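Numbering (the UniProt record's numbering), first residue to last: 1 to 351.
Working notes for the structure below.
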């Protein structure tokens with residue numbers, strides 16, 4: 001049967017309208033990414049310039065391009081604030097992308113490496129390493145943080161399966177079981193307590209480039225795998241049965257996503273300590289700004305994660321006179337209202 005010639009202009013208009021909507025949506029998303037990148041630049045400059053000792057952007061630029069030996073401001077920028085900013089960039093990126101992946105693979109709007117117990121597992125492994133092996137440097141904690149995060153992730157996913165509610169409950173249970181064990185070890189070893197209390201609060205200070213260089217390859221691998229999984233996460237959001245019908249190996253997707261979360265959560269935790277709620281708040285902000293397509297969500301989360309973490313660090317430097325509030329505390333204060341809002345107003349099916 002031949003199509004009516006009167007249907008052709010209408011179909012063409014529908015196609016044109018759809019193409020126009022896609023183009024406008026793409027432009028909005030690109031604009032959002034551009035503005036987020038500019039915002040990240042502003043936060044990085046603020047991180048280098050602001051603190052107990054304020055330094056002008058011009059002096060910061062001189063310190064980066066033509067450092068003068070013995071100049072106090074230059075020494076502060078190069079020895080303290082540049083490593084601090086780089087740690088915030090890498091840890092924030094890992095938390096943002098890791099949070100987006102774990103929310104996508106579990107279809108759980110409150111999924112977060114901290115809420116699923118990965119941070120507590122990494123913390124317990126670090127505490128045991130300090131207690132039993134006498135480790136004292138953050139660069140030495142890396143492998144134990146990965147081991148603890150991986151073991152906890154394996155336990156949570158094995159018991160909770162693919163059910164979002166069960167995963168959250170198992171993660172909370174694991175955290176409740178591990179926390180007293182951490183306390184027990186710390187009470188038995190005052191030296192371990194002194195090292196752990198500065199690391200566990202979630203801070204960007206005291207982390208050198210040696211620690212960053214150890215962690216960076218894991219973050220790069222995790223981000224690359226996450227980018228490759230973006231299309232699979234889009235299909236998985238439709239449900240396991242639909243994803244299988246589209247030819248996806250759901251088990252492989254979950255396993256690869258679990259590897260990404262372990263790499264990124266373990267890296268961020270070993271680098272900056274167990275910082276909570278960044279991985280929860282950032283993906284929600286990204287989805288509100290660019291929609292639910294994980295190709296865009298992951299890209300924006302990679303920018304907003306460092307913005308939130310470095311921004312929290314800058315706020316922590318300014319909120320107290322002649323003192324600093326750790327970035328983990330400020331980030332938790334920012335992320336807590338997001339958690340409450342999601343718990344009250346969102347459903348898992350709405351992710």
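All residues carry an ideal CB built from backbone N, CA and C; glycine is no exception.
Please read these numbers as outputs of a predicted model, since none were measured by experiment.
What is the rounded straight-line gap between the Cα of residue i and the Cα of residue j?
i: residue 223; j: residue 279; result: 14 Å
i: residue 195; j: residue 242; result: 49 Å
i: residue 32; j: residue 217; result: 28 Å
i: residue 211; j: residue 22; result: 43 Å
i: residue 208; j: residue 83; result: 6 Å
i: residue 37; j: residue 332; result: 23 Å
i: residue 180; j: residue 200; result: 15 Å
i: residue 349; j: residue 312; result: Here residue 349 scores only 45 on pLDDT, less than 50, and its place in the model is too uncertain to base an answer on.
i: residue 264; j: residue 172; result: 20 Å
i: residue 34; j: residue 341; result: 27 Å
i: residue 231; j: residue 183; result: 42 Å
i: residue 259; j: residue 251; result: 12 Å
i: residue 85; j: residue 324; result: 15 Å
i: residue 351; j: residue 71; result: Since pLDDT at residue 351 reaches only 46, below the 50 mark, its modelled position is unreliable, and the value read off the structure follows with that caveat. When rounded, the distance between both Cα atoms is 52 Å.
i: residue 322; j: residue 54; result: 11 Å
i: residue 28; j: residue 290; result: 8 Å
i: residue 229; j: residue 236; result: 10 Å
i: residue 329; j: residue 248; result: 40 Å
i: residue 124; j: residue 74; result: 38 Å
i: residue 49; j: residue 79; result: 13 Å
i: residue 227; j: residue 20; result: 26 Å
i: residue 285; j: residue 110; result: 13 Å
i: residue 188; j: residue 215; result: 30 Å
i: residue 158; j: residue 244; result: 21 Å
i: residue 52; j: residue 170; result: 42 Å
i: residue 287; j: residue 296; result: 8 Å
i: residue 65; j: residue 81; result: 15 Å
i: residue 139; j: residue 202; result: 15 Å
i: residue 4; j: residue 240; result: Bear in mind that a pLDDT of 49 at residue 4, under 50, signals an unreliable position, so the model cannot answer this.
i: residue 137; j: residue 24; result: 50 Å
i: residue 165; j: residue 68; result: 57 Å
i: residue 178; j: residue 303; result: 32 Å
Look up residue i in the DSSP assignment and say whether it is helix, strand or coil.
i: residue 116; result: coil
i: residue 207; result: coil
i: residue 297; result: helix
i: residue 66; result: coil
i: residue 238; result: coil
i: residue 320; result: coil
i: residue 80; result: helix
i: residue 248; result: coil
i: residue 21; result: helix
i: residue 32; result: helix
i: residue 189; result: coil
i: residue 287; result: helix
i: residue 313; result: helix
i: residue 110; result: coil
i: residue 194; result: helix
i: residue 337; result: helix
i: residue 73; result: helix
i: residue 229; result: coil
i: residue 344; result: helix
i: residue 136; result: coil
i: residue 254; result: helix
Taking 8 Å as the threshold (C-beta atoms), are residue j and residue i in contact?
i: residue 77; j: residue 63; result: yes
i: residue 307; j: residue 114; result: no
i: residue 354; j: residue 97; result: No statement about residue 354 is possible, as the shown extent of the chain runs from 1 to 351 and does not include it.
i: residue 108; j: residue 168; result: yes
i: residue 316; j: residue 327; result: yes
i: residue 119; j: residue 274; result: yes
i: residue 175; j: residue 117; result: yes
i: residue 42; j: residue 57; result: no
i: residue 148; j: residue 130; result: no
i: residue 122; j: residue 266; result: yes
i: residue 238; j: residue 100; result: no
i: residue 141; j: residue 135; result: yes
i: residue 318; j: residue 88; result: no
i: residue 151; j: residue 268; result: no
i: residue 102; j: residue 219; result: no
i: residue 213; j: residue 294; result: no
i: residue 440; j: residue 272; result: Summary: the structure shown does not reach residue 440, with the chain confined to residues 1 through 351, and so no result is reported for it.
i: residue 198; j: residue 206; result: yes
i: residue 128; j: residue 185; result: yes
i: residue 246; j: residue 112; result: no
Assuming residue i and residue j form a contact by the criterion Cβ under 8 Å, report the distance between their Cβ atoms to the nearest whole angstrom.
i: residue 254; j: residue 156; result: That pair is no contact at about 12 Å.
i: residue 191; j: residue 270; result: Contact flag wrong, Cβ pair sits at about 20 Å.
i: residue 282; j: residue 47; result: That pair is no contact at about 17 Å.
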